[in-house]
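In what follows, a single structure is set out as structure tokens and then discussed.
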Amino acid sequence: MAANGHTNGGVAKESRFDPNFTQNVINATGPKATPRFRKLISSLIKHVHDFARENELTVEEWMAAIDLVNEAGKMSDDKRNETQLLCDIIGLESLVDEITFKLAAETNDAATASAILGPFFRHDAPILENESSIVDNVPDGEITYMHGIVRDLVTKKPVEGAWIDVWQASTNGLYEQQDPDQKDCNLRGKFKSDANGHYGFYCIRPTPYPIPYDGAGGKLLTLLDRHPYRPAHIHVIVQKDGYKPITTQIFDKKSKYLEDDSVFAVKDSLVVDFTPLKGNPKAELELEYDLVIAPQGV
Ligand code: BEZ
Ligand code: FE
């Protein structure tokens with residue numbers, strides 16, 4: 001029998017810790033807790049206690065984890081969400097995204113796939129006309145015309161009036177809110193699909209960038225012996241009343257780090273080709289990407 005209480009021959013061994021402790025803690029939840037919260041917290045307590053027992057977690061180790069989470073909390077504000085970043089590094093946001101998408105799409109899997117929101121979304125992105133540019137002063141950016149049709153999953157018809165929110169990092173690897181040298185709301189914008197379902201705007205070809213690693217997230221990456229890089233991507237949210245909203249990211253097929261994204265968000269159907277664009281002096285590249293949204297209730 002292993003010293004940590006694990007069985008070694010498939011024979012269950014009683015824990016050497018108080019066998020009633022976990023159930024006592026779960027039973028302490030009062031009658032006013034909502035059923036969903038009771039279910040979640042009971043399961044969380046059970047898993048966390050099992051984790052502590054299985055690994056014989058010491059006070060020192062537990063305090064080190066508390067310190068990391070506290071540090072993340074202290075660093076977080078309206079421009080930076082370090083606690084979310086810790087979850088991203090251990091794959092939790094991507095897993096929750098997958099679960100949420102599967103639940104929303106139980107009867108259909110042909111809508112545009114989702115991917116995590118990440119910490120750099122802003123609710124107040126400027127509303128821009130189709131065919132305008134989100135790029136301000138990115139001299140080394142390869143200008144790309146991104147466009148497509150928003151379609152209804154069921155009817156396959158174009159959807160008019162869908163909002164398409166986009167944001168991307170600059171070629172220096174920073175989103176505008178991380179970078180005092182970028183104009184407010186640079187590389188982000190909100191577009192509305194027209195009567196043909198069409199949306200289109202000019203952006204830059206995205207480049208790989210590191211998630212912030214100067215804080216708690218960076219410490220966790222170092223402990224894990226992992227790099228901070230994300231493959232090149234553009235963030236997109238599509239919303240229209242009466243449809244299920246989609247939060248996603250479009251990845252460049254030629255990018256590094258598609259196989260080892262530091263936050264585990266890549267899905268095959270979201271990996272696309274940026275192709276040379278001829279006959280349009282405003283852009284070198286084209287990215288055509290239709291967005292398929294499912295009506296509510298489907
Ligand atoms: C992002 O893609 O913007 C992102 C996602 C997770 C953590 C950090 C950044
Ligand atoms: Fe990003």
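Counting from 1, one number per residue, gives the positions in the sequence shown under the UniProt record's numbering. The C-beta atom is built at its ideal place from N, Cα and C for all residues, glycine as well.
**OP:** Output yes or no for whether 7 Å exceeds the beta carbon distance between residue 22 and residue 47.
**Re:** no
Original post:
Helix, strand or coil: which one does DSSP assign to residue 170?
Top reply: coil
Subject >> Counted within 10 angstroms of its Cβ, other Cβ atoms place residue 72 as buried (16 or more) or exposed >> reply: buried
**OP:** Can you tell me the Cβ-Cβ gap for residue 146 and residue 243, rounded? I've got them flagged as a contact below 8 Å.
**Re:** Rounded, the Cβ-Cβ distance is 20 Å, inconsistent with contact.
Subject >> Residue interval of the alpha helix (DSSP H) (run including residue 300) >> reply: This structure cannot settle anything about residue 300, because the visible part of the chain is limited to 1 through 298.
Original post:
What residue does the alpha helix (DSSP H) around residue 74 start on, and which one ends it?
Top reply: 59-75
Subject >> Residue of 164, 132, 271, 198 minimising C-alpha distance to residue 283 >> reply: 132
**OP:** Examine ligand 1 and report whether any of its heavy atoms sits within less than 6 Å of the Cβ of residue 78.
**Re:** no
Original post:
In the structure shown, what three-state DSSP assignment does residue 164 receive?
Top reply: strand
**OP:** Could you tell me which residues DSSP puts in a beta bridge with residue 198?
**Re:** 149
Subject >> Test item: CB-CB of residue 232 and residue 262 under 7 Å >> reply: no
**OP:** Check residue 15 in the structure and name its three-state DSSP category.
**Re:** coil
Subject >> residue 157, buried or exposed, once every other Cβ within 10 Å from all chains shown has been counted against 16 >> reply: exposed
**OP:** Return the CA-CA distance between residue 296 and residue 247, expressed in angstroms with no decimal places.
**Re:** 15 Å
Original post:
Within 10 angstroms of its Cβ, does residue 15 collect 16 or more other Cβ (buried), or is it exposed?
Top reply: exposed
**OP:** Examine the Cβ distances between the region 191-211 and the region 133-142 and report whether three or more of them are shorter than 8 Å.
**Re:** yes
**OP:** Using alpha carbons as the reference points, say which of 103, 160, 51 lies closest to residue 240.
**Re:** 160
Original post:
The alpha helix (DSSP H) with residue 88 in it runs from where to where?
Top reply: 82-89
Original post:
In the structure shown, what three-state DSSP assignment does residue 294 receive?
Top reply: coil
**OP:** Below 8 Å on the Cβ atoms is my guess for residue 228 versus residue 218; work out the distance and round it to an integer in Å.
**Re:** 7 Å
Original post:
Who are the near neighbours of residue 230 in its chain, counting only those whose CB is closer than 8 Å to its CB and skipping five residues on each side?
Top reply: 208, 209, 210, 211, 257, 261, 262, 263, 265
Original post:
Is residue 118 near ligand 2, going by C-beta to nearest heavy atom under 6 Å?
Top reply: yes
Original post:
Excluding five sequence neighbours on each side, which residues of the same chain lie with their C-beta closer than 6 Å to the C-beta of residue 294?
Top reply: 108, 111, 153, 244
Subject >> Where residue 192 falls: helix, strand or coil (DSSP) >> reply: strand
Original post:
Hey, how far is the Cα of residue 259 from the Cα of residue 165?
Top reply: 26 Å
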